[in-house]
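Enquirer: From first to last, the protein sequence lines stand for chains C and A. The working numbering applies: residue 1 is where the first sequence begins, and numbers increase by one. The working numbering applies: residue 245 is where the second sequence begins, and numbers increase by one. We put the CB at the ideal spot given by N, CA and C, even for glycine. Fair warning: this is a prediction, and the values are worked out from it, not measured in the lab. Let me give you the structure first, and then I'll get to my questions.
There are 2 protein chains.
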Amino acid sequence: MVNYKLILEYDGTDFSGFQIQPGQRTVQGELQAALNRLFPDGFYLTAAGRTDAGVHAAGQVVTVRTEKSYAPEILKRALNANLPGDIVIKEAREVPLDFHARFSACRRTYLYRVMTAPTALQRRFVWQISFLPDFDRLLECAEIVKRQNDFKSFTKAGAETEHFKCEIYESHWEKGENEWVYHITANRFLHNMVRILVGTMMEVGRGRFSAAAFEKMFNAGDRRAAGLTAPARGLILWRVDYEF
Amino acid sequence: MVNYKLILEYDGTDFSGFQIQPGQRTVQGELQAALNRLFPDGFYLTAAGRTDAGVHAAGQVVTVRTEKSYAPEILKRALNANLPGDIVIKEAREVPLDFHARFSACRRTYLYRVMTAPTALQRRFVWQISFLPDFDRLLECAEIVKRQNDFKSFTKAGAETEHFKCEIYESHWEKGENEWVYHITANRFLHNMVRILVGTMMEVGRGRFSAAAFEKMFNAGDRRAAGLTAPARGLILWRVDYEF
């Protein structure tokens, strides 16, 4: 028995999300097809996070447990040779059998990119907005997010989860030329959480709500209290950290 | 009569080049379709450079002469609203009538990006190579390019041009993490010139030719003396400078 940890980069534009679905082009579907050729006797795959349709990854983590063993560098090359161009294995290494891509993860980091100028080259990876948000208000919102621990208002209504608690380790905006990047690190994320946070912060940034109103939304525990869901294309699973 | 200077950004991946061709999706074709809606009585369009199929632009320059006049900011917005997502007008301004996108240009800058690690996110914009070139040899080649003024060996055989002289103002490689970017600025470029230069330099970088052999290729005046043509996807028309 061998357990491999793979770090994946993918351009989510042309996928119906990570998770395998019949009749759809998914990251997991493509990855399993490539793994099938190398491990015809079977394997067991888990991912750190199931990204939605259109969401990208620079550091998705997948573990693959199998009987057959390859040198990690060989496995990486063989997978890259069999994967389509929009999925790449950046790293492959052997890890202990009890290492689990999902349950061993202690921190996940997402970035969300917003551009205030139209862009052709970056269009697959950013939310293009036509207004100029107030950066100080965005910074204030990011600080508010840091102080929260219940995100029930910021997840898809009817989400299947045992609880809505998330520990936020990092939450800040970085400003570039015509570009604004939101960084958030937490122990876990709820479905659509980053996209609803960003969509709502942008509404504060353009003056539709105050930062104080944003803070109150967390108390409501109701999706309807929060604002818009930002588009998937701006979101990227940046990295996943593990205890060991 | 009004003359507009437009700065264009485009992702060349899904275009059969800049120049209009019947039955093909081209940048010029899309741009003319958008201009037709704004200038139904006609316009006269010229571009600084005709990029090939798959080549990108961050700073292509186009001039549009027309009878009808719009405020440049309005023109820019109206064009962006009518253009597909892979072409964007970054700037529009009115210029004197004798300003000509092609003939008034005095310097053009191209970048060529090479990556030595597989990439999903950058795949549309880089040449992915599977070997590690010798960076010092690339630097040496870039210096050699700077000293040349005849590029007949580095253009498509049978190219229609009056002469093969180019004045090189800048030629250097920049090294990032897993990424190598070649910058070249000249008064003019021959067809395929940057791609043949980069393809040949990469052959020097991997040890197939020496830098001295590279230097000799310029004397041959024959395409067969030079090396490979690097793929279009890594090339981007970065900027065009004008005297006025």
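I'd like to check one pair, A/Ser313 with A/Tyr486: are the Cβ atoms closer than 8 Å?
Expert: No, the Cβ-Cβ distance between A/Tyr486 and A/Ser313 is not below 8 Å.
Enquirer: Answer with yes or no whether the minimum CB distance from C/Asn80 to chain A is below 8 Å.
Expert: True, the Cβ-Cβ gap to chain A drops below 8 Å.
Enquirer: Under 8 Å by Cβ, that's how I've got A/Glu447 and A/Ile428 pegged, so tell me the actual separation to the nearest angstrom.
Expert: Between A/Ile428 and A/Glu447 the Cβ distance is about 17 Å, and since that is not below 8 Å, they are no contact.
Enquirer: Can you check whether the C-beta of A/Pro362 is within less than 8 Å of a C-beta belonging to chain C?
Expert: Taking Cβ atoms only, chain C reaches closer than 8 Å to A/Pro362, which makes this a yes.
Enquirer: Can you list, in chain order, the residues of its chain whose CB lies under 6 Å from that of A/Ala345, leaving out five sequence neighbours each side?
Expert: Closer than 6 Å at the Cβ level, and outside the excluded window around A/Ala345, lie Thr290, Ala291, Ala292, Val305, Val306 and Thr307.
Enquirer: Mind listing which residues of the region 328-355 of chain A have their C-beta closer than 7 Å to chain C's C-betas, in chain order?
Expert: Residues Gly329, Asp330, Ile331 and Val332.
Enquirer: I'd like the ranges of any beta strand (DSSP E) spanning at least 3 consecutive residues and lying wholly in the region 375-435 of chain A.
Expert: Correct list: 412-419 and 423-430.
Enquirer: Can the beta-carbon of C/Phe154 be found closer than 8 Å to that of C/Ala226?
Expert: Yes, the Cβ-Cβ distance between C/Phe154 and C/Ala226 is below 8 Å.
Enquirer: By the 8 Å beta-carbon criterion, what residues does the region 9-37 of chain C contribute toward chain A?
Expert: Under the 8 Å Cβ criterion, the region 9-37 of chain C contributes Glu9, Tyr10 and Asp11.
Enquirer: With DSSP as the reference, please indicate the residues paired to A/Asn324 in a beta bridge.
Expert: For A/Asn324, which the question treats as bridged, DSSP gives no partner whatsoever.
Enquirer: Roughly how many angstroms lie between the CA atoms of C/Asn187 and C/Val55, to the nearest whole one?
Expert: Near 19 Å, if we compare the C-alpha coordinates of C/Val55 and C/Asn187.
Enquirer: Can you check whether the C-beta of C/Ala58 is within less than 8 Å of a C-beta belonging to chain A?
Expert: With 8 Å as the cut-off, C/Ala58 counts as an interface residue toward chain A.
Enquirer: So, does the region 187-199 of chain C touch the region 70-82 of chain C, judging by three or more C-beta pairs under 8 Å?
Expert: Output reads no: the region 70-82 of chain C does not touch the region 187-199 of chain C.
Enquirer: Quick one: list the residues of chain A neighbouring C/Arg123, beta-carbon separation under 9 Å, in chain order.
Expert: Chain A residues near C/Arg123: Asp255, Gly329, Asp330 and Val332.
Enquirer: So what does A/Thr310 bridge to, in DSSP terms?
Expert: In the DSSP output, where bridge partners are listed per residue, A/Thr310 has A/Val246 and A/Phe287.
Enquirer: Evaluate C/Leu83 with the Cβ neighbour count: other Cβ atoms within 10 Å of its Cβ, from every protein chain shown; 16 or more gives buried, anything less gives exposed.
Expert: Under this definition C/Leu83 is a buried residue.
Enquirer: Suppose you measure from the CA of A/Asn422 to the CA of A/Pro377; what does that come to, to the nearest Å?
Expert: If I take the Cα positions, the gap works out to 11 Å.
Enquirer: Where does C/Ile129 sit, in a helix, a strand or coil, going by DSSP?
Expert: If DSSP states are grouped into helix, strand and coil, C/Ile129 belongs with coil.
Enquirer: Using the Cα positions of C/Ala120 and C/Trp127, report the straight-line distance between them to the nearest angstrom.
Expert: Using only the alpha carbons, I get a separation of about 12 Å.
Enquirer: Who pairs with C/Asp241 in a beta bridge, going by DSSP?
Expert: Paired residues: C/Arg107.
Enquirer: Can you tell which of A/Arg351, A/Gly256 and A/Cys410 has the C-alpha that lies nearest to the C-alpha of A/Gln272?
Expert: With distances taken between Cα atoms, A/Gln272 lies closest to A/Gly256.
Enquirer: Between A/Asn463 and A/Gln392, what straight-line distance do the alpha-carbon atoms span, to the nearest angstrom?
Expert: Those two C-alpha atoms are separated by around 10 Å.
Enquirer: Among all the DSSP beta bridges, which residues are the ones paired with A/Ala474?
Expert: DSSP output for A/Ala474 lists no bridge partner at all.
Enquirer: In terms of alpha-carbon separation, which member of C/Cys166, C/Ile168, C/Ser130 and C/Leu35 lies closest to C/Arg206?
Expert: Looking at the Cα atoms, C/Ser130 is the closest of the given residues.
Enquirer: Let me know the secondary structure DSSP gives A/Ile331 once reduced to three states.
Expert: The answer is strand: DSSP assigns A/Ile331 an E or B state.
Enquirer: Can you grab the Cα-Cα spacing for the pair C/Arg245 / C/Arg107, in whole Å?
Expert: This structure does not reach residue 245 of chain C, given that chain C is present from 1 up to 244, and the question cannot be answered.
Enquirer: Thinking C-alpha only, which one of C/Glu140, C/Leu139 and C/Phe164 is nearest C/Phe151?
Expert: That would be C/Phe164, whose Cα lies nearest to the Cα of C/Phe151.
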